[in-house]
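As structure tokens, the structure follows; a few thoughts come after it.
Number of protein chains: 2
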Amino acid sequence: MNPDYKYKILVVDDEEDIRTILEFNLKKEGYIVKTVENGVEALKKLKTFVPDLVILDVMMPEMDGIEVCREIRQSNDFKNLIVAFLTARTEDYSQIAGFDAGADAYIEKPIRPRLLLSRVKALLRRKDLNPTNQKQSIQVDREKYMVFQNDEEVVLPKKEFELLSLLISRPGIVFTREMIFDEVWGNETIVGDRTIDVHIRKLREKIGDNRIKTVKGVGYKFEEI
Amino acid sequence: MNPDYKYKILVVDDEEDIRTILEFNLKKEGYIVKTVENGVEALKKLKTFVPDLVILDVMMPEMDGIEVCREIRQSNDFKNLIVAFLTARTEDYSQIAGFDAGADAYIEKPIRPRLLLSRVKALLRRKDLNPTNQKQSIQVDREKYMVFQNDEEVVLPKKEFELLSLLISRPGIVFTREMIFDEVWGNETIVGDRTIDVHIRKLREKIGDNRIKTVKGVGYKFEEI
DNA sequence: TTAAAGCATGAATAATCTATGAAAGATATT
DNA sequence: AATATCTTTCATAGATTATTCATGCTTTAA
Numbered sequence: 001m002n003p004d005y006k007y008k009i010l011v012v013d014d015e016e017d018i019r020t021i022l023e024f025n026l027k028k029e030g031y032i033v034k035t036v037e038n039g040v041e042a043l044k045k046l047k048t049f050v051p052d053l054v055i056l057d058v059m060m061p062e063m064d065g066i067e068v069c070r071e072i073r074q075s076n077d078f079k080n081l082i083v084a085f086l087t088a089r090t091e092d093y094s095q096i097a098g099f100d101a102g103a104d105a106y107i108e109k110p111i112r113p114r115l116l117l118s119r120v121k122a123l124l125r126r127k128d129l130n131p132t133n134q135k136q137s138i139q140v141d142r143e144k145y146m147v148f149q150n151d152e153e154v155v156l157p158k159k160e161f162e163l164l165s166l167l168i169s170r171p172g173i174v175f176t177r178e179m180i181f182d183e184v185w186g187n188e189t190i191v192g193d194r195t196i197d198v199h200i201r202k203l204r205e206k207i208g209d210n211r212i213k214t215v216k217g218v219g220y221k222f223e224e225i
Numbered sequence: 001m002n003p004d005y006k007y008k009i010l011v012v013d014d015e016e017d018i019r020t021i022l023e024f025n026l027k028k029e030g031y032i033v034k035t036v037e038n039g040v041e042a043l044k045k046l047k048t049f050v051p052d053l054v055i056l057d058v059m060m061p062e063m064d065g066i067e068v069c070r071e072i073r074q075s076n077d078f079k080n081l082i083v084a085f086l087t088a089r090t091e092d093y094s095q096i097a098g099f100d101a102g103a104d105a106y107i108e109k110p111i112r113p114r115l116l117l118s119r120v121k122a123l124l125r126r127k128d129l130n131p132t133n134q135k136q137s138i139q140v141d142r143e144k145y146m147v148f149q150n151d152e153e154v155v156l157p158k159k160e161f162e163l164l165s166l167l168i169s170r171p172g173i174v175f176t177r178e179m180i181f182d183e184v185w186g187n188e189t190i191v192g193d194r195t196i197d198v199h200i201r202k203l204r205e206k207i208g209d210n211r212i213k214t215v216k217g218v219g220y221k222f223e224e225i
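Protein chains in written order, with our numbering: chain A, 1 to 225; chain B, 1 to 225.
Next comes the structure, spelled out in structure tokens:
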């Protein structure tokens, strides 16, 4: 990985003290750190800030860490996001394990800065080595009529396939609604404007929210990474 | 077996927690995992995703595991698919056995990840050794006008032969109805759209449902394995 | 700050497409 | 010519896809 790359970390905890301690220590090491105070905020934040690591308190109001982790794991957009749980030593560990939601690590409270930093470092190094960390690749095979995302097939019905195929044909370039109509629908059929939106939505559901960008008032584009 | 081959596993359970735990643990081992929440969904999924192993909850709404297993065993397409039942320890074991529908293994709930993984591994290894596990081969000999499936001749009338021959000439590639008309019927005769469907059906009756795939709104393709 | 425009989203409806059973039309075979 | 086999059509049912609609959110511009 680029040596200048600064790892991004999201801290989610309802206690301000904890947030402060973590933020201070992690920033000191050169990480880019954002903090939020509950699970709902966390998911919101993730829409604009995609970190390499999320440190999640298990017990939180609104939405606990386990649930947040589930959401993250379910989403297509965060395939290689590391999740670490913050647990009080007294917390019933077995319960967390039973509900295993896909955490990569557990960090115990109270926090010992030195220990914390070395664990974080280890986790991030692991990510660097992790082969799943290749760039998110999407491949469209028109002959086979198949789409692959990181070598796993994504099944798309015709219109969605054609739409994605179009957008991906010129990554980064904005396609206006008119262009999309022309290419995907042709001149015969006329459909309402919302139809495109709906197909875009379905695509996003399947390949993740971060690939297709809306350019308001203009159109859509497929974002190259 | 190819060392790069990733085993595919289908998990069928109505409880989301169980699905999540299984999926997480199995994926961590490198398996390709799909989950569905009931028997009906399972049979549907099997049309597009042919796994090596199915893990089936016994008790489910809609259609219980036993019935799903029966269906699987009856079908021609899943001759060497391993089926494992998930059973609660408290469940009346004898009843399940009485209804024995051809399960290869029983896995007990609650799930113990380590144990689960070692059992799965064992089951899949067994499959590797199983001689019935030769790859499904279909060969078309245009000169002799004969088709062989696993060295046994399949007798096909002309149109069916031509159709299969066409599809199999480029495995994985979708042939549109137009292309099929052109190649199999030529420009002289004109037949209705349904005619192709019917020939496809007959082919499927003879060589199994899992080889010829429908791409809705586009055409058909012969699935490479 | 408010109003307007543009988009996202959930849910309902409409349109499309294919599978299937059955039967009629061809073609070849005896 | 009669029979059997192959090819095609047709009607229907079932499922999937495509589209619309109503509502709410977010951004933009006044």
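Each residue gets a CB set at the ideal place from its N, CA and C atoms; glycine is no exception. Small disclaimer: the values here were computed from a predicted structure and weren't measured.
Which class does residue i belong to by DSSP, given the choice of helix, strand or coil?
i        : result
A/Glu223 : coil
B/Thr48  : coil
A/Thr189 : coil
A/Gln95  : Model confidence at A/Gln95 stands at a pLDDT of 49, short of 50, so the residue's coordinates are unreliable; what they give is reported in the following sentence. It is helical.
B/Asp141 : strand
A/Lys8   : strand
A/Met179 : helix
A/Asp197 : helix
A/Leu53  : strand
B/Phe161 : helix
A/Glu153 : strand
B/Asn133 : Its pLDDT being 49, under 50, B/Asn133 is placed unreliably in this model, and the value from its coordinates should be taken loosely. Three-state DSSP puts B/Asn133 in a helix.
B/Ala42  : helix
B/Leu81  : coil
A/Glu71  : helix
B/Ala122 : helix
B/Glu16  : helix
B/Lys216 : coil
Could you check which residue in the options has the C-alpha nearest to that of residue i?
i        : options                                : result
B/Lys216 : A/Asp17, A/Met179, A/Asp197, A/Tyr145  : A/Tyr145
B/Glu223 : B/Ile66, B/Leu167, B/Asp193, B/Phe85   : B/Leu167
A/Leu123 : A/Val174, A/Ile225, A/Ile55            : A/Ile55
A/Asn80  : A/Glu16, A/Asn150, A/Ile18, A/Glu29    : A/Asn150
A/Thr35  : A/Val154, A/Leu22, A/Thr87, A/Lys109   : A/Leu22
A/Glu178 : A/Asp193, A/Ser169, A/Pro171, A/Ser165 : A/Asp193
B/Ile226 : B/Asp17, B/Pro51, B/Arg19              : There is simply no residue 226 of chain B to check, as chain B begins at 1 and stops at 225 in what is shown.
B/Val191 : B/Val154, B/Pro171, B/Asp209, B/Lys159 : B/Lys159
A/Thr87  : A/Ser75, A/Ile66, A/Phe78, A/Ile225    : A/Ile66
B/Pro113 : B/Glu29, B/Ile207, B/Glu205            : B/Glu29
B/Ile72  : B/Thr48, B/Asp209, B/Ile9, B/Leu43     : B/Leu43
A/Arg19  : A/Thr48, A/Pro171, A/Lys109, A/Ile82   : A/Lys109
B/Gly39  : B/Lys8, B/Val68, B/Ala105              : B/Val68
B/Ile225 : B/Glu15, B/Gly186, B/Phe49             : B/Phe49
A/Ala105 : A/Ser165, A/Leu116, A/Val83            : A/Val83
B/Ala103 : B/Phe148, B/Phe85, B/Leu116            : B/Phe85
A/Ser169 : A/Val140, A/Pro157, A/Glu152, A/Phe148 : A/Val140
B/Asn25  : B/Asn187, B/Pro171, B/Asp209, B/Leu117 : B/Leu117
Under 8 Å between C-beta atoms, does residue i make it to chain B?
i        : result
A/Ser94  : Here A/Ser94 scores only 46 on pLDDT, less than 50, and its place in the model is too uncertain to base an answer on.
A/Arg70  : yes
A/Pro110 : no
A/Lys158 : yes
A/Phe99  : The predicted model places A/Phe99 with a pLDDT of 45, which falls under 50 and marks its position as unreliable, so this point remains unresolved.
Please list the partners that residue i has in chain B, where partner means a Cβ-to-Cβ separation under 8 Å.
i        : result
A/Tyr106 : Within chain B, no residue comes near A/Tyr106; the closest Cβ sits about 15 Å away, beyond 8 Å.
A/Val155 : Thr48
Which residues in chain B have a C-beta closer than 9 Å to the C-beta of residue i? List them in chain order.
i        : result
A/Tyr145 : Ile173, Val174, Val215, Val218, Gly219, Lys221
A/Val33  : Those do not exist, as A/Val33 stays about 27 Å from chain B at its closest Cβ, beyond 9 Å.
A/Pro113 : Going along chain B, no residue has its Cβ under 9 Å from A/Pro113, so there is no contact; the nearest lies around 30 Å.
Going along chain A, which residues have a C-beta under 9 Å from residue i?
i        : result
B/Thr189 : Simply none; closest approach about 27 Å.
I believe residue i touches residue j by the beta-carbon criterion, under 8 Å. Please report the beta-carbon distance rounded to the nearest angstrom.
i        : j        : result
A/Val12  : A/Asp57  : 6 Å
A/Lys221 : A/Ile173 : 6 Å
B/Arg119 : B/Ile107 : 6 Å
B/Arg211 : B/Ile138 : 7 Å
B/Glu162 : B/Val184 : 5 Å
B/Ile207 : B/Ile196 : Actually they are not in contact, since the Cβ atoms of B/Ile207 and B/Ile196 sit about 16 Å apart, beyond 8 Å.
B/Leu53  : B/Ile9   : 5 Å
B/Val218 : B/Thr176 : 6 Å
Using 8 Å as the limit for Cβ to Cβ distance, is residue i near chain A?
i        : result
B/Thr195 : no
By the criterion of Cβ-Cβ separation under 7 Å, what are the contact partners of residue i in chain A?
i       : result
B/Thr87 : Correct list: empty, because the minimum Cβ distance to chain A is about 18 Å.
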